[in-house]
Amino acid sequence: MKILVVGGGGREHAIIRKLKQSKKATAIYCAPGNGGISKDAVCVPIKATDITSMVEFAVKEKIDFAVITPDDPLVLGMADEFRKNGIPCFGPGKAAARIEGSKVFSKNLMKKYGIPTADYAVFSDPEEALRYIEKGSFPAVIKADGLALGKGVIIAQNLDEAKAAIASIMVDKIFGASGNNIVVEEFLTGPEVSALSFCDGKCVKPMISSMDHKRALDGDKGLNTGGMGVIAPNPYFTEEVQKECMEKIFLPTVNAMQAEGCPFTGCLYFGLMITPKGPKVIEYNCRFGDPETQAILPLLDSDLLEIMISTTNGTLADTEIKWRSEACACVIAASGGYPGKYQTGFRINGLDDNGQIDGAEIFHAGTKFDSGNFLTSGGRVLGVCCTAPDLRSALNSSYAKLSGISFENMHFRKDIGASALKVIK
Ligand code: AMP
Ligand code: GLY
Numbered sequence: 024m025k026i027l028v029v030g031g032g033g034r035e036h037a038i039i040r041k042l043k044q045s046k047k048a049t050a051i052y053c054a055p056g057n058g059g060i061s062k063d064a065v066c067v068p069i070k071a072t073d074i075t076s077m078v079e080f081a082v083k084e085k086i087d088f089a090v091i092t093p094d095d096p097l098v099l100g101m102a103d104e105f106r107k108n109g110i111p112c113f114g115p116g117k118a119a120a121r122i123e124g125s126k127v128f129s130k131n132l133m134k135k136y137g138i139p140t141a142d143y144a145v146f147s148d149p150e151e152a153l154r155y156i157e158k159g160s161f162p163a164v165i166k167a168d169g170l171a172l173g174k175g176v177i178i179a180q181n182l183d184e185a186k187a188a189i190a191s192i193m194v195d196k197i198f199g200a201s202g203n204n205i206v207v208e209e210f211l212t213g214p215e216v217s218a219l220s221f222c223d224g225k226c227v228k229p230m231i232s233s234m235d236h237k238r239a240l241d242g243d244k245g246l247n248t249g250g251m252g253v254i255a256p257n258p259y260f261t262e263e264v265q266k267e268c269m270e271k272i273f274l275p276t277v278n279a280m281q282a283e284g285c286p287f288t289g290c291l292y293f294g295l296m297i298t299p300k301g302p303k304v305i306e307y308n309c310r311f312g313d314p315e316t317q318a319i320l321p322l323l324d325s326d327l328l329e330i331m332i333s334t335t336n337g338t339l340a341d342t343e344i345k346w347r348s349e350a351c352a353c354v355i356a357a358s359g360g361y362p363g364k365y366q367t368g369f370r371i372n373g374l375d376d377n378g379q380i381d382g383a384e385i386f387h388a389g390t391k392f393d394s395g396n397f398l399t400s401g402g403r404v405l406g407v408c409c410t411a412p413d414l415r416s417a418l419n420s421s422y423a424k425l426s427g428i429s430f431e432n433m434h435f436r437k438d439i440g441a442s443a444l445k446v447i448k
């Protein structure tokens, strides 16, 4: 089968390296891809959001199966266009992608179907939103309705911060139309779990759980990033918690989407908080997480392509999905300054000709390959991932491998998995 993967980050690299292991995959294309991905797939210079060119390419190349991973093409309806052209694909259509694309949609869905989440109110008028916040307590959680490059959630500690957040989202429109409506939410506390799952519209099968580290600096300090490292499994996601989530969150969500006429197929990502009152949904994503995927897929012991196909033809319930009972640690090497301003174009030292290192999986996020060298080309540059029988060994290996890699201004967190190790102890 000829496969096309849409996207070009570490997540896509992890998916491609797993798909390559499938006997069914005869050729893998990636659009647009990156330097590291070019060693594992044929990269095609089409922007991930360019639906017309993407579908044209897929039809011309006789692609048998497409995998759409980033949020924006999914929310824009790329999967529907592939299907209209007779190409099956992994990922939800536009209607089901609203579960991530509109917080108003997802909050209303949870309310209607009794799925545990933070209390909330929706506003289209900034003054009204402020009056509501004034009467409530702090911190207040303010969320732009639509996609906002992962920056649409502001936790305001006082009224001044809330005013500034509302002004920038609703008046200055820093996220464009995504800020036409906002959700103001109750502040929840507790450890967070990224619970990704495969869905075929009616059946849901959770993957290994994971824990992201979103802040830029050690000790969860600094700005929010796309994710600086992940460990899997997440020790807070015990069997008991998983059972409760299946009953109260996972199945009810999949059933709700079916009842609303937009059954979800693809990867449904439940961003959970394990609060003192039980697990609650913080957010849904309609796609694989980045960098969660980089720590989860190395633990998959089944054929990813077969699983993905089963989500598109409704046979997920009959598809066996095996996971290794090991741990995986992914540490991100980023450009100094990220998520603020940073420089690119630096030579990356320590990788072999394929952009890999023996004993680890190196998933490239922001790299390009130029005249025999890998160069930095983005904020998050590489994910260094090792699996081992236990989390401590996996972390030790990932950090040991990372110490062999260098580029100018390289930055990484030194405490990935540290809080999880305390729970395991
Ligand atoms: P999101 O972009 O929805 O993943 O939100 C980013 C981060 O904001 C989450 O990972 C949480 O740490 C935090 N967050 C979102 N909603 C809430 C909430 N209701 N209470 C506390 N923290 C929250
Ligand atoms: N790592 C968080 C996300 O993919 O949304």
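Residue numbers for the sequence shown follow my numbering, so the first one is 24 and each next one is one higher. We put the beta carbon where it would ideally sit given N, CA and C, even for glycine.
Checklist entry - ASP223: which of ASN278, LEU99, VAL164 and GLU123 sits nearest, CA to CA? => result Of all alpha-carbon atoms in ASN278, LEU99, VAL164 and GLU123, the one lying nearest the alpha-carbon of ASP223 is that of ASN278.
Between LYS107 and the ligand AMP, is there a pair consisting of the residue's CB and a ligand heavy atom that are separated by less than 8 Å? No, the ligand AMP has no heavy atom inside 8 Å of this Cβ.
| query | Is the closest heavy atom of the ligand AMP to the C-beta of ASN419 under 8 Å? | reply | Of the heavy atoms belonging to the ligand AMP, none sits nearer than 8 Å to the Cβ of ASN419.
Margin query: Is PHE161 near the ligand AMP - that is, is its Cβ less than 8 Å away from at least one heavy atom of it?
Written below: No.
TODO: Report buried or exposed for GLN44, applying the criterion of at least 16 other Cβ atoms within 10 angstroms of its Cβ.
DONE: Around the C-beta of GLN44, fewer than 16 other C-beta atoms lie within 10 Å, and the residue is accordingly described as exposed.
Beta-carbon gap between PHE146 and ALA152 smaller than 9 Å: With contacts defined as CB atoms closer than 9 Å, PHE146 and ALA152 qualify as a contacting pair.
Query raised in the report: Based on Cα-Cα distance, which residue from THR248, GLY378 and ASN372 lies nearest to HIS236?
Result: Nearest to HIS236 by C-alpha distance, out of THR248, GLY378 and ASN372, is THR248.
Query - Three-way DSSP call (helix, strand, coil) for GLU84 in this model - result: If DSSP states are grouped into helix, strand and coil, GLU84 belongs with coil.
- [ ] Give the DSSP bridge partners of ASP393, in chain order.
- [x] Beta-bridge annotation (DSSP): ASP393 is paired with ASN396.
Task: Contact between the stretch 92-103 and the stretch 408-415 (3+ Cβ pairs under 8 Å) - done: Contact between the stretch 92-103 and the stretch 408-415 is absent: fewer than 3 CB-CB pairs across the two stretches fall below 8 Å.
Q) Is ALA356 helix, strand or coil by DSSP? A) The three-state secondary structure of ALA356, taken from DSSP, is strand.
- Is the beta carbon of THR212 within less than 8 Å of some heavy atom of the ligand AMP? Under cutoff, so the answer is yes.
**Contacts around ILE177, its chain only, beta-carbon distance under 6 Å, and the 5 residues preceding and following it disregarded** = The answer, listed in chain order, is ILE165 and ALA188.
Counted within 10 angstroms of its Cβ, other Cβ atoms place ASN204 as buried (16 or more) or exposed: With 16 or more other Cβ atoms within 10 Å, it is buried.
Discussion item. Tell me whether VAL176, by its Cβ, gets closer than 8 Å to a heavy atom of the ligand ZN.
Written reply: This structure does not include the ligand ZN; its bound ligands are the ligand AMP and the ligand GLY.
Please identify the residue among LEU240, LEU328 and TYR307 whose C-alpha is closest to the C-alpha of PHE113.
The residue among LEU240, LEU328 and TYR307 with its C-alpha nearest the C-alpha of PHE113 is LEU328.
- Note down, in chain order, each residue of its chain lying with its Cβ closer than 7 Å to the Cβ of PRO115, except the 5 sequence neighbours on either side. Excluding positions up to five away in sequence, the list reads LEU97, ALA102, PHE287, THR288, GLY289 and CYS309.
Review point. In whole angstroms, what separates the C-alpha of VAL461 from that of SER61?
Key: Any question about residue 461 goes unanswered here, given that the chain covers just 24 to 448.
| query | Would the beta-carbon of GLY294 be found less than 8 Å away from any heavy atom of the ligand AMP? | reply | Indeed, a heavy atom of the ligand AMP lies less than 8 Å from the Cβ.
8 Å contact criterion, which GLY58 and PHE392 should meet: CB distance rounded: Indeed they touch by this definition, with Cβ atoms about 4 Å apart.
State the Cα-Cα distance for the pair PRO412 and GLU283, rounded to the nearest angstrom. Each residue's alpha carbon lies about 42 Å from the other.
**Item:** Rounded C-alpha distance that separates SER76 from GLU150
**Value:** One C-alpha to the other measures close to 42 Å.
Please classify VAL194 as buried or exposed, where buried requires at least 16 neighbouring CB atoms within 10 angstroms.
Exposed.
_Give me, in chain order, the residues of the same chain whose beta-carbon lies closer than 7 Å to that of GLY395; leave out the 5 immediate sequence neighbours on both sides._
Correct list: empty, nothing qualifies.
Quiz item: What is the DSSP secondary structure of ALA47, reduced to helix, strand or coil?
Solution: Checking the displayed sequence, the identity of residue 47 turns out to be Lys instead of Ala. LYS47: coil per DSSP, three-state reduction.
So that I know if they touch, is there some Cβ in chain D lying closer than 9 Å to that of ALA102? Annotation note: the requested chain D is absent from the structure, which comprises a single protein chain.
Problem set entry | GLY173: CB within 8 Å of a non-hydrogen atom of the ligand AMP | The nearest non-hydrogen atom of the ligand AMP is less than 8 Å from the C-beta of GLY173.
Handout entry: ASP223 - containing alpha helix (DSSP H), residue span
Key = Taken as a continuous stretch (DSSP letters only), ASP223 belongs to no alpha helix (DSSP H), being part of the beta strand (DSSP E) at 215-223.
Once you ignore the five residues that flank ILE272 on each side, which residues in its own chain have a CB closer than 7 Å to its CB? Apart from the 5 residues on each side of it in sequence, ILE272 sits with its Cβ closer than 7 Å to the Cβ of ILE138, PRO139, PHE293, PRO302 and VAL304 in its chain, given in chain order.
- Query: For the ligand AMP, any of its heavy atoms closer than 8 Å to the Cβ of LYS166?
  - Reply: Checking every heavy atom of the ligand AMP against the Cβ of LYS166, one is found closer than 8 Å.
Exercise for review: Give the C-beta separation of MET240 and ARG436 to the nearest angstrom, bearing in mind that I take them to be a contact with Cβ-Cβ under 8 Å.
Suggested key: With the sequence shown as reference, residue 240 is identified as Leu, and Met is not the correct amino acid for it. Contact between LEU240 and ARG436 holds, since their C-beta atoms are separated by about 7 Å, short of 8 Å.
Notebook entry, point to check: Could you give the distance in angstroms between the alpha-carbon of GLN366 and the alpha-carbon of ALA441?
Noted result: One C-alpha to the other measures close to 29 Å.
**Item:** CB of ALA350 within 9 Å of CB of ILE439, strictly
**Value:** Against a cut-off of 9 Å, the Cβ pair of ILE439 and ALA350 comes out as no contact.
(Q) Below 8 Å, is the gap between the Cβ of LYS237 and the nearest heavy atom of the ligand GLY? (A) Yes, Cβ of LYS237 sits closer than 8 Å to a heavy atom of the ligand GLY.
When DSSP builds the beta bridges, which residues end up paired with SER426? DSSP lists no beta-bridge partner residue for SER426.
ask   = What is the DSSP secondary structure of PRO111, counted as helix, strand or coil?
value = Three-state result, PRO111: coil.
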